[in-house]
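Trainee: Mapped onto UniProt numbering, the consecutive letters of the sequence shown carry residue numbers 1 to 256.
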Amino acid sequence: MTIAENAIYYEDYGAGPALIFAHGVGGNHASWHKQVDAFADRYRVIVFDHRGFGNSDDRGKVGQSRYVPDLAGMMDALGIARAFLVGQSMGGGTCANFTCTYPERVIGLVIANSLIGLEVNEPLQSEIKSRLDQATDLSQAERVLGPRIRRDDPASERLYLQIASFNDVTFQTLRGQMPRWKPAMLAATGVPVRFIAGQDDVLFPPASISAVHTLVPGSTYTAIPGSGHSAYFEDAQAFNAALADFLTSCDDADVR
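1. Does DSSP classify VAL110 as helix, strand or coil?
2. Does the distance from the CB of HIS229 to the CB of VAL144 come in under 9 Å?
3. For the alpha helix (DSSP H) holding GLU127, just list the boundary residues, first then last.
4. So, for ASN97: in the same chain, excluding its five sequence neighbours on each side, which residues have a beta-carbon less than 8 Å away from its beta-carbon?
5. Spatial neighbours of residue 271 within its chain, please: C-beta separation below 6 Å, excluding the five flanking residues on both sides.
6. If we require 4 or more residues per run, which alpha helix (DSSP H) segments fall completely within the region 198 to 222?
7. If we count Cβ pairs, one from each stretch, closer than 8 Å, do we get three or more for the region 133 to 142 versus the region 194 to 207?
8. For a quick check, are the C-beta atoms of ASN55 and ALA164 less than 9 Å apart?
9. Runs of 4 residues minimum, wholly inside the UniProt domain "AB hydrolase-1" (17 to 120): which ones carry the alpha helix (DSSP H) assignment?
10. Whole-angstrom Cβ separation of MET90 and VAL25, contact assumed at under 8 Å?
11. To the nearest angstrom, how far is it from the Cα of ALA77 to the Cα of THR101?
12. Measuring alpha carbon to alpha carbon, tell me which residue in GLY79, GLU157, THR94 and PHE39 is nearest GLY13.
13. Once the 5 residues before and after SER210 are set aside, which same chain residues still bring their CB inside 8 Å of it?
14. What separation, rounded to the nearest whole angstrom, lies between the Cα atoms of LEU60 and MET74?
15. Can you tell me which of the three DSSP states PHE166 falls into?
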């Protein structure tokens, strides 16, 4: 589809309540194949490429500054009034920003392996910046995958890197900036929130994500053992179980 004269690629599976997945810097729409398989029998699953990633263009080289308008435009074009949003890393920033901007359009929000888009206190912000700076010295696999999968499952490590190779944008060349919202502002939206952390995430460790979770009253939190920065990929079974639990809790609370 074309949004603001820019091609945005998406794929649309299944039927039911809309469930939209937003990838991180090392991913694209193809990253979510294990989630599509798990949820398309009960939900309308949408996966897409952010500007500059996968099959999407970024003609104006504006990057992150257009991610929220792009998501809103995509939902409009697909006739989706409200959706569950699931974002990993950079995609978590997209989804958190969208939720704070358009809370009436979000049924529930999952922020995985990310604090992007959230304004945290200075000690934690300094720690995050330090970790991101140090990550520039790591290989892509070391940044985004935990030691378990790199040691025990080299085929999956190769697959992750192959999917990432279709992106024009990298960790070092990402353009634009997202606004940052205080956790209290996210809580004030009234949207149910689940934070998911990877126990071995070198960019956004569980302690940091858990600390922010406590600042969003009513939010819930899951840490996935043995996973790094890409829990959805490294342990899809555990990630999908946490996501299914959250979606069910939203059903039980009748928040639609």
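All C-beta atoms in this analysis are idealised placements derived from N, C-alpha and C, irrespective of residue type, glycine included.
What you are looking at is a predicted structure, and each value in this text was computed from that prediction instead of being measured.
Mentor: In short:
1. strand
2. yes
3. 122 to 135
4. TYR67, VAL68, GLY117, MET178, PRO179 and TRP181
5. Residue numbering for the chain in the displayed model covers 1 to 256; residue 271 lies beyond these limits and cannot be assessed.
6. 206 to 213
7. yes
8. no
9. 33 to 39, 67 to 77 and 90 to 101
10. 5 Å
11. 18 Å
12. Checking the displayed sequence, the identity of residue 13 turns out to be Tyr instead of Gly. Comparing Cα positions, the closest option is PHE39.
13. PHE195, ALA197, TYR221 and ALA223
14. First, the amino acid is wrong: residue 60 is Gly here, not Leu. Approximately 18 Å, taken between the alpha carbons.
15. coil
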